[in-house]
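Number of protein chains: 2
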Amino acid sequence: MKIVALAGGVGASKLLDGLRYAMDPRDLSIVVNTGDDIEMFGLYISPDIDIVTYTLAGEVNPAMGWGIKDDTFHCLEYLLRYTGGERWFNLGDRDLATHIFRTSLLRSGRKLSESADLIRRTLNVESRIIPMTDSHTPTTIITDEGDLHFQEYLVRRRAQPKVLGIRFENIESAYPAPGVAESILDADAVIICPSNPLISTGPILAVPGIRDLLKETRARVIGISPVVGGASLKGPTDKMMADLGMEVSAAQVAKSFSDFLDTYIIDYQDEFDATEIESLGIKVVVADTVMSNAEKKLALAQTTLKALS
Amino acid sequence: MKIVALAGGVGASKLLDGLRYAMDPRDLSIVVNTGDDIEMFGLYISPDIDIVTYTLAGEVNPAMGWGIKDDTFHCLEYLLRYTGGERWFNLGDRDLATHIFRTSLLRSGRKLSESADLIRRTLNVESRIIPMTDSHTPTTIITDEGDLHFQEYLVRRRAQPKVLGIRFENIESAYPAPGVAESILDADAVIICPSNPLISTGPILAVPGIRDLLKETRARVIGISPVVGGASLKGPTDKMMADLGMEVSAAQVAKSFSDFLDTYIIDYQDEFDATEIESLGIKVVVADTVMSNAEKKLALAQTTLKALS
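Top line first, the protein sequences correspond to chains H and B.
So for the first sequence, numbering that gives the first Met the number 0 puts the first residue at 0; every next one is plus one.
So for the second sequence, numbering that gives the first Met the number 0 puts the first residue at 0; every next one is plus one.
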């Protein structure tokens, strides 16, 4: 069974970390959000691609869910001497190798998708990792304190400003990266990982063409709710949804995907949402979606695959 | 007394390390060789500028004479996973901060001279550090194994190929960096540091205009021989001179500077060269020029200043 997963960062990677044991990883292609991408110190940083890649390589820092395990931060400390800024974004010494290598590839004319492929192959990741687009489409969070790059909003300002809106810069002129359309059309199933629907899955679906591909594909499309019991397990999904006047519920997220979703996995805590989701023509599977350890990651991955069979 | 020093890397930095205690470092400007500059992993590396800067900042690795003390090499190890090459050039994690910062300045349109100034100011170096030129004029060593970038010849191939010639790429279209001419014309003295005359002092003198400035300036010009007892204390000076059919002697080096040199400091071991050098109209000072510890660095710096007074 050929599977495409649409993924953000940490939340998605937990499921992917389960999937790599639950299926042949060579049959998995992952289309990754690049709205979080940011240039710092002249280096092109692609946080979600790195999180997914490091996770599947078994190199991710398990405590954080991002960065490389046992990394040091000597270069960053010295960089901040030069630039004089506060340390709001952590870049480990080993992690920096990825950013330096990617940046040098991009400067020499290679595409982001080529760099992502070279990097995952070097790290012996068997699944294909594809950025949603090769264009730079940074996510801007419109807040009561002004427009902020998503990383500034999330990391520097710790998601404190009130969200008034979200803008994906240059998205209207972006194309899906090579491999995105083919993967989705060839797939037997598409998994919408439990990522922030606004700023992880949202940018992917906003790339012109991708949403239509999900409607057109013969693949079954299954999603896993990132909202459990009215809150996001990690990250600012719940706060952002609330700021924007949205109901913070699994049903609300399912609704936003109702034009292409066949099946939605919600947590036991959200069983009462099932009727509302089913009324949209979406099949509901209820499961334990809180992936707090390796066994639970694998179990949810198996549940997902079973729902597709 | 305002002093300009022309400097290569490790040899020059020993004298400069003495000079910063022997004089007011604010009265010292250092014009540094950039022929060794090289781009690696998309980063612009300026080895001699960094050696001089780190030395004057008190941060240099004292065992090597280059790099930052107590540095780690985690990023480089991971970079080599991506690029697959051998590790022939060491770039420490802290050191990389300098290269990343410099590269980002250059990419944003700043000049190498501006980056050198920002970096030395950040590291609280009071002496001015000026690259010989803002142009990229890499030194090519023509060898019996083909043309090699100087760093490849010296570091990767450990100066083993036979040197047939030396070429400073693009040097004919280079200009002295801002501050070079003014410093030399305003100086009371110019010190030619004990650097490799072929590939450290040589590129500086090859920048159109600089040699003429040394002839025109009212400043006394004093040099310290990098050749002691028929050999270079460090580096491939002696082997390169021999390969090129030159006599490996203090007198030979003095001769190559005879059009602008007023005084030359040679080692006690080379006293017999004094007559030949004096016959060129150059005053000779004989001293202990082997700077094997901090006291000897300071002593040679004081000898140099005394010869100028």
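Beta carbons: idealized from backbone N, C-alpha and C, even for Gly.
Residue pairing for PRO46 of chain B: DSSP places it in no beta bridge. For SER45 of chain H, none of the residues of chain B pass the 7 Å Cβ criterion, the least Cβ distance being about 14 Å. A contact is defined here as three or more CB-CB pairs under 8 Å, and the segment 27-42 of chain H fails this definition with respect to the segment 261-274 of chain H. Here ASN195 of chain B really is in contact with PRO225 of chain B; their C-beta atoms are around 6 Å apart, less than 8 Å. For a cut-off of 8 Å, the C-beta gap from PRO130 of chain B to THR33 of chain B is around 5 Å, short enough to register as a contact. For SER112 of chain H, there are no C-beta contacts with chain B under 9 Å, since the nearest C-beta of that chain is about 16 Å from it. At least 7 Å separates the CB of LEU213 of chain H from every CB of chain B. Remark: C-beta atoms of LEU55 of chain H and LEU75 of chain H do not approach each other more closely than 7 Å. Between SER114 of chain B and ARG93 of chain B, the C-beta gap is not smaller than 7 Å, which leaves the two residues out of contact.
Less than 7 Å separates the beta-carbon of ALA6 of chain H from that of CYS192 of chain H. THR236 of chain B: not part of any beta strand (DSSP E); member of the alpha helix (DSSP H) spanning 236-242, first to last residue. Inclusion of ILE223 of chain H and GLN150 of chain H in the CB contact set at 7 Å is not warranted, their separation being larger than that value.
ALA300 of chain H has its alpha-carbon roughly 11 Å from the corresponding atom of ALA293 of chain H.
Nearest CB-CB separation between LEU95 of chain H and chain B: below the 7 Å threshold. If the five residues before and after ARG219 of chain B are omitted, its C-beta is found closer than 6 Å to the C-beta atoms of ALA188, ASP261, LEU307, all from its own chain and listed in chain order. For TYR174 of chain H, the secondary structure class from DSSP, reduced to helix, strand or coil, is coil. For the set H:THR236, H:ILE118, H:GLY108, H:SER182, the Cα lying nearest the Cα of THR82 of chain B is the one of H:ILE118. Going by DSSP, PHE259 of chain B is part of no alpha helix (DSSP H) at all; its letter is neither H nor E.
Within the same chain, and ignoring the five residues on either side of LEU212 of chain B in sequence, the residues whose Cβ sits closer than 6 Å to its Cβ are ALA180, ILE183. Near chain B, meaning a CB-to-CB distance below 9 Å, the residues of the segment 71-91 of chain H are THR71, PHE72, HIS73, CYS74, LEU75, GLU76, TYR77, LEU78, LEU79, ARG80, TYR81, THR82, GLY83, GLY91. Among the CB atoms of chain H, one or more fall inside 7 Å of the CB of ILE99 of chain B. Shortest Cα-Cα distance from SER172 of chain H to any of H:ASP242, H:THR136, H:THR142 involves H:THR136. Look at ALA286 of chain H here: in three-state DSSP terms it is strand.
B:LYS13 is the residue among B:MET0, B:LYS13, B:LYS1 whose C-alpha sits nearest the C-alpha of VAL289 of chain B.
Among the residues of chain H, those whose CB is under 7 Å from the CB of THR121 of chain B are ARG80, TYR81, following chain order.
Taking 8 Å as the upper bound for CB-CB distance, ARG19 of chain B and SER126 of chain B are in contact here, some 7 Å apart.
In the structure shown, THR121 of chain B adopts helical secondary structure according to DSSP, grouped into three states. Residues of chain H whose Cβ lies closer than 8 Å to the Cβ of ILE50 of chain B do not exist; the shortest such Cβ separation is about 16 Å. In the structure shown, the three-state DSSP call for ILE190 of chain H is strand. For HIS73 of chain H, same chain residues with a beta-carbon under 7 Å away, outside a window of 5 residues either side, are ASP92 in chain order. Under a 10 Å Cβ-count criterion, SER107 of chain H is classified as exposed, with fewer than 16 other Cβ atoms of the shown protein chains found around its own Cβ. Excluding five sequence positions before and after LEU297 of chain B, the CB atoms of its chain that fall closer than 8 Å to its own CB belong to GLY17, TYR20, ALA21, given in chain order.
Any Cβ of chain B closer than 7 Å to the Cβ of PHE40 of chain H would place that residue at the interface, and such an atom is present. Inside the segment 11-82 of chain B, DSSP marks whole beta strand (DSSP E) runs of 3 or more residues at positions 27-31, 37-39, 42-44, from first to last along the chain. Inter-residue distance for TYR77 of chain H and GLU246 of chain B is about 44 Å (C-alpha atoms, whole angstroms). HIS148 of chain B and VAL154 of chain H have their alpha carbons spaced roughly 43 Å apart.
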